[in-house]
Structure formats: C-alpha cells, structure tokens
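Numbering (the working numbering), first residue to last: 1 to 178. Quick reminder that beta carbons are idealized off the backbone N, C-alpha and C, glycines included. Take a look at the structure set out below.
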Amino acid sequence: ALTKTAGSLRDANNSWRGDAGDRITYSFTGRNTGTVTLDTVLLSDAKLGLNNVACGTGPLAPGASRTCTDVVYTTLLDDFNFARIINTATATGKPPVGDPVSSSSTITTVLPYIVTATFDKTASAINDLDGNGVDAGDTITYTFVGKNTGNASTLAAVLNDPKLGIVNLYCGSGAVDP
C-alpha cells in the first residue's frame with residue numbers, strides 16, 4: 001500500500017498569500033501488505049518527475065514499510081488558476097515470482113485563489129485646440145492601467161467610466177497573469 005502526504009505550502013517569495021514559485025514537500029510511505037518479500041520497490045509520480053525511482057534499498061518484507069524519498073514540488077501559475085494540485089503516485093514492487101504488484105495514492109492540495117487588481121487612471125494636460133486658452137471643445141486624454149495583483153490569472157477586465165461615456169469596455173484580450 002502506498003500513502004502519499006503533502007506538507008504545508010511554503011512561501012518562497014514572502015508574499016504571505018500563496019503563489020507560483022511556492023513549494024510543497026511530498027512524502028511517500030510504502031508498506032508491503034502481501035505475504036511475500038518484494039525484491040525491488042519503485043516509485044513513479046509524473047507531476048513530480050519521478051519515473052521508477054528506487055524507494056529505499058534492499059527487499060521489503062511482508063508487513064514492513066519504508067519512507068520513500070521526500071520530493072519538493074515548485075508550484076506553477078496553473079496550479080493557482082485551478083486552486084488545487086491533484087497528484088497521483090504509484091509504487092510498484094517485484095515479488096520473487098509472478099507479475100509486479102502496485103499501489104497508487106492520490107492527494108489533492110487545495111490552494112488559495114486570490115483575485116485582486118489595481119486600476120489607475122491618469123489624465124493628460126488640457127489640449128488647447130484653438131489656441132485661445134482653456135475653453136469648451138478642448139480635450140483631455142485619459143489613460144487607464146490595470147494590474148492583476150492576485151495569485152491567479154483573470155479572464156477579462158471591464159472598464160466603466162460614465163463621465164467619459166465608457167460602459168462595459170473590455171480591455172485587452174485573453175488572460176491577464178499576476
């Protein structure tokens with residue numbers, strides 16, 4: 001039987017919120033629940049880049065267990081976009097006779113999903129179109145800058161500024177990463 005555990009999310013960049021680049025340490029414990037000794041025990045976990053990595057050395061007797069290697073996983077933006085990491089590992093053992101036996105363990109690590117943004121509006125100097133000083137008909141150019149300050153991608157930013165006649169104006173296209 002394989003048991004997989006996940007440690008706490010470790011804040012790698014001191015953001016105090018959880019975001020891409022943070023780390024989780026996964027631990028694995030394999031237990032021989034059969035009646036024969038397993039000659040070799042191998043661990044595989046695609047998300048962690050493990051492919052038939054030896055779990056300890058030497059045979060594993062019936063009823064015995066061993067802790068396999070601890071592996072540190074560095075989180076990705078996509079992990080936070082989905083607000084979780086679903087991860088499966090498989091341990092495979094080779095008995096003296098017959099086909100290998102295996103056991104899998106899946107663990108889901110829930111991640112914080114934080115959606116926050118800042119939005120700044122700046123105005124240019126008044127453009128005196130007729131050169132006779134500031135009066136009706138002169139123009140001001142406004143610039144709007146939005147920034148995703150959360151830990152996950154946002155899908156759209158919508159601008160509303162009734163004074164300027166802007167209603168539900170979509171800014172940009174595609175996802176905006178933090």
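Give the DSSP-derived three-state secondary structure of Asp177 in the structure shown.
-> The answer is coil: DSSP assigns Asp177 none of H, G, I, E or B.
State the CB to CB distance for the pair Pro59 and Gly34, rounded to an integer number of angstroms; the pair is presumed to be in contact (CB under 8 angstroms).
-> That belief does not hold up - the Cβ atoms of Pro59 and Gly34 are roughly 12 angstroms apart, past 8 angstroms.
Ends of the beta strand (DSSP E) at Asn51?
-> Segment 50 to 54, the beta strand (DSSP E) holding Asn51.
Determine which residues share a DSSP beta bridge with Thr57 and list them.
-> When beta bridges are read from the DSSP output, Thr57 appears opposite no residue.
Check Ala1 in the structure and name its three-state DSSP category.
-> Correct three-state label for Ala1: coil.
Host alpha helix (DSSP H) of Leu77 (start-end) | Boundaries of the alpha helix (DSSP H) harbouring Leu77: 77 to 81, taken from the DSSP string.
Pick from Pro162, Asp99, Lys147, Ser65 that is closest to Thr116, judged by C-alpha positions | Nearest C-alpha to Thr116: Lys147.
So is the beta-carbon of Thr5 under 7 angstroms away from any non-hydrogen atom of the ligand ZN?
-> For the ligand ZN, the structure offers nothing, since it holds no ligand at all.
Rounded separation between Asn132 and Ala123 - CA only | One Cα belongs to Asn132, the other to Ala123, and the distance between them is close to 21 angstroms.
Just confirm the distance between the C-beta atoms of Tyr113 and Ala156, as a whole number of angstroms; I'd bet it's less than 8 angstroms.
-> Incorrect: roughly 17 angstroms between the Cβ atoms, too far for contact.
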